[in-house]
Amino acid sequence: MKQELESRMDTKADTPHNPHFDHGAIETDAVIVGAGPVGLFQVFELGLLEIKAHVIDSLPVVGGQCVELYPDKPIYDIPAVPVCTGQELTDNLLKQIEPFGATYHLNQEVTLVHKREDGRFNLETSLGTRFVTKTIFIAAGVGSFQPRTLKVEGIEQFEGTQLAYRVKNPEQYEGKDIVICGGGDSALDWVLHFAGKANSVVLVHRREEFRAAPASVAKMKELCDNMEAQLLIGQVTGFESKDEKLSEIKVTGADGVTRRLPLDNLLVFYGLSPKLGPIAEWGLDIERKQLKVDTEKFETNIPGIFAVGDINTYPGKKKLILSGFHEAALAAFGAAPYIFPEKKIHMQYTTTSPKLHKILGVETPVFD
Numbered sequence: 073m074k075q076e077l078e079s080r081m082d083t084k085a086d087t088p089h090n091p092h093f094d095h096g097a098i099e100t101d102a103v104i105v106g107a108g109p110v111g112l113f114q115v116f117e118l119g120l121l122e123i124k125a126h127v128i129d130s131l132p133v134v135g136g137q138c139v140e141l142y143p144d145k146p147i148y149d150i151p152a153v154p155v156c157t158g159q160e161l162t163d164n165l166l167k168q169i170e171p172f173g174a175t176y177h178l179n180q181e182v183t184l185v186h187k188r189e190d191g192r193f194n195l196e197t198s199l200g201t202r203f204v205t206k207t208i209f210i211a212a213g214v215g216s217f218q219p220r221t222l223k224v225e226g227i228e229q230f231e232g233t234q235l236a237y238r239v240k241n242p243e244q245y246e247g248k249d250i251v252i253c254g255g256g257d258s259a260l261d262w263v264l265h266f267a268g269k270a271n272s273v274v275l276v277h278r279r280e281e282f283r284a285a286p287a288s289v290a291k292m293k294e295l296c297d298n299m300e301a302q303l304l305i306g307q308v309t310g311f312e313s314k315d316e317k318l319s320e321i322k323v324t325g326a327d328g329v330t331r332r333l334p335l336d337n338l339l340v341f342y343g344l345s346p347k348l349g350p351i352a353e354w355g356l357d358i359e360r361k362q363l364k365v366d367t368e369k370f371e372t373n374i375p376g377i378f379a380v381g382d383i384n385t386y387p388g389k390k391k392l393i394l395s396g397f398h399e400a401a402l403a404a405f406g407a408a409p410y411i412f413p414e415k416k417i418h419m420q421y422t423t424t425s426p427k428l429h430k431i432l433g434v435e436t437p438v439f440d
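The C-terminal position of the sequence shown is numbered 440 in this note's numbering, with every residue numbered one higher than the one before it.
As structure tokens, then:
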């Protein structure tokens with residue numbers, strides 16, 4: 073399989089140069105796919121070697137799974153940090169990599185990777201952003217996150233008009249009759265936000281227990297007690313439409329009774345599902361939806377493409393953030409020869425190196 077994939081990539085490399093692609097493309101030394109903690113630390117390790125990176129992520133904010141799934145939950149296994157939340161870890165990483173001026177391209181995913189005759193890669197995103205890069209670092213966690221959708225046949229026709237899985241413009245829901253589905257932090261947060269702003273807010277959840285912060289659950293129940301919101305236990309099992317618009321949904325409770333809820337908008341927050349997505353089509357060696365790498369440079373079967381963090385696999389692999397940090401360091405050194413082929417890379421320490429102090433924008437300490 074590996075030889076077959078390499079052969080496919082070589083065939084692509086023989087494709088004639090496409091000058092149209094180069095027009096408007098960003099030329100860079102490194103593109104990092106994924107803005108989670110490992111992707112952010114990859115910026116740092118590359119920065120120490122004076123390699124500037126562009127970072128792409130399918131989510132609208134940096135932080136990856138840590139911020140999207142558990143921003144307020146404690147993490148206990150970051151070295152020298154007894155405890156921090158996912159959001160705090162992300163904030164600290166962003167502060168750490170400030171000196172390196174990474175450029176972020178959010179809310180888009182990579183749709184095309186093409187090996188060029190000159191050894192570099194053409195890379196394009198779902199928003200049409202184009203790059204010509206010497207190296208690629210895939211730090212996409214377990215893949216791009218896609219919203220878990222509502223499994224009701226036919227309801228997808230209203231997606232983008234009345235059905236949404238993310239709130240992009242809160243003002244558009246003011247004065248409307250809104251139904252919110254879900255039992256996590258996102259669902260509860262939007263119930264609290266829209267109470268008093270929307271004409272009506274109904275929360276639909278399949279059970280009495282919630283995965284959200286206790287304070288949010290308590291506040292939601294208080295709103296229900298005050299008739300400012302409504303909670304309905306059950307699952308959406310159908311819908312009705314009128315004049316090609318979603319007019320009501322059907323919610324079936326544990327008692328078997330189906331109730332009808334008229335609405336203007338339906339917001340669904342069932343969490344996010346990781347998908348390998350377009351990465352599966354890049355010609356990389358894949359094992360159980362993970363990218364096979366070596367343990368010297370964490371390079372994939374395609375020279376110049378590296379994979380770090382939860383998306384890679386190798387003998388003894390452990391899916392830990394601290395493991396991803398180690399992989400990012402070795403991947404940066406492994407990539408340096410592609411970026412500086414004539415330059416010998418020396419190992420330096422941030423504790424003592426005046427050059428690294430200059431790069432980091434800190435003063436070199438003077439010891440008596």
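C-beta atoms are modelled at their ideal positions from N, C-alpha and C, and glycine is treated no differently.
A direct Cα-to-Cα measurement between ILE252 and VAL329 gives close to 19 Å. Taking C-beta atoms under 8 Å as the contact rule, ILE128 and ILE351 fail to qualify, at a distance of about 12 Å. With respect to PHE282, VAL274 sits apart: the two C-beta atoms are not nearer than 8 Å.
Residue environment analysis places ILE227 among the buried positions, since at least 16 neighbouring C-beta atoms fall within 10 angstroms of its C-beta. Put simply, of ARG332, MET419, LEU161 the residue whose alpha carbon is nearest the alpha carbon of ALA152 is LEU161. If only complete runs of 3 or more residues are kept, the segment 161–195 shows the beta strand (DSSP E) at 175–177, 182–187, in order along the chain. According to the DSSP assignment, GLU312 belongs to no alpha helix (DSSP H) but to the beta strand (DSSP E) extending over 307–314. Ranked by Cα distance from THR423, the first of LYS416, ILE431, ASP261 is ILE431. Beta-bridge partners assigned by DSSP to THR197: VAL182. Annotation: GLU300 is outside any alpha helix (DSSP H) and is labelled neither H nor E by DSSP. A contact between stretches requires three or more CB pairs, one per stretch, nearer than 8 Å, and the segment 256–264 fails this requirement with the segment 228–235.
By the C-beta criterion, the segment 380–394 is judged not to be in contact with the segment 233–253, since fewer than 3 inter-stretch pairs fall below 8 Å. Taking the C-beta atoms as reference points, GLN168 is found no nearer than 8 Å to GLY135.
Secondary structure at LEU131: coil, using DSSP grouped into helix, strand and coil. By the beta-carbon neighbour count (other beta carbons within 10 angstroms, threshold 16), VAL155 is exposed. Put simply, the backbone Cα of GLN180 is about 12 Å away from that of LEU195.
Taking a contact as a CB-CB distance under 8 Å, the pair THR197 and VAL182 counts as one, their CB atoms being some 6 Å apart. For the pair ARG192 and SER345, the CB atoms are not nearer than the 8 Å cut-off. Three or more pairs of CB atoms, one per stretch, sit closer than 8 Å, so the segment 395–409 contacts the segment 369–378.
Here GLU243 carries a helix assignment [DSSP, helix/strand/coil]. Going by beta carbons, ILE123 and ARG202 fall outside the 8 Å limit. Beta-bridge partners assigned by DSSP to ARG202: GLU196. Distance from the Cα of LYS240 is smallest, within the candidate group PRO375, GLN420, PRO132, for PRO132. In this structure, LEU112 and LEU165 form a Cβ contact; the two beta carbons are roughly 4 Å apart against a cut-off of 8 Å.
Its chain contains GLY306, GLN307, THR309, THR330 as the residues whose beta carbon lies nearer than 7 Å to that of THR324, once the 5 sequence neighbours on both sides are disregarded; these appear in chain order. Excluding the 5 residues flanking it on each side, TRP354 has same chain C-beta neighbours closer than 6 Å at VAL185, in chain order.
Apart from the 5 residues on each side of it in sequence, THR207 sits with its Cβ closer than 6 Å to the Cβ of ALA102, GLY376, ALA407, TYR410 in its chain, given in chain order.
In this structure, the beta-carbon distance from LEU304 to ILE321 does not fall below 8 Å. Boundaries around LYS317 are those of the beta strand (DSSP E), 317–324, since no alpha helix (DSSP H) includes it. Secondary-structure assignment with DSSP links ASN337 through a beta bridge to ILE250. Taken through DSSP and simplified to helix, strand or coil, LYS430 comes out as helix.
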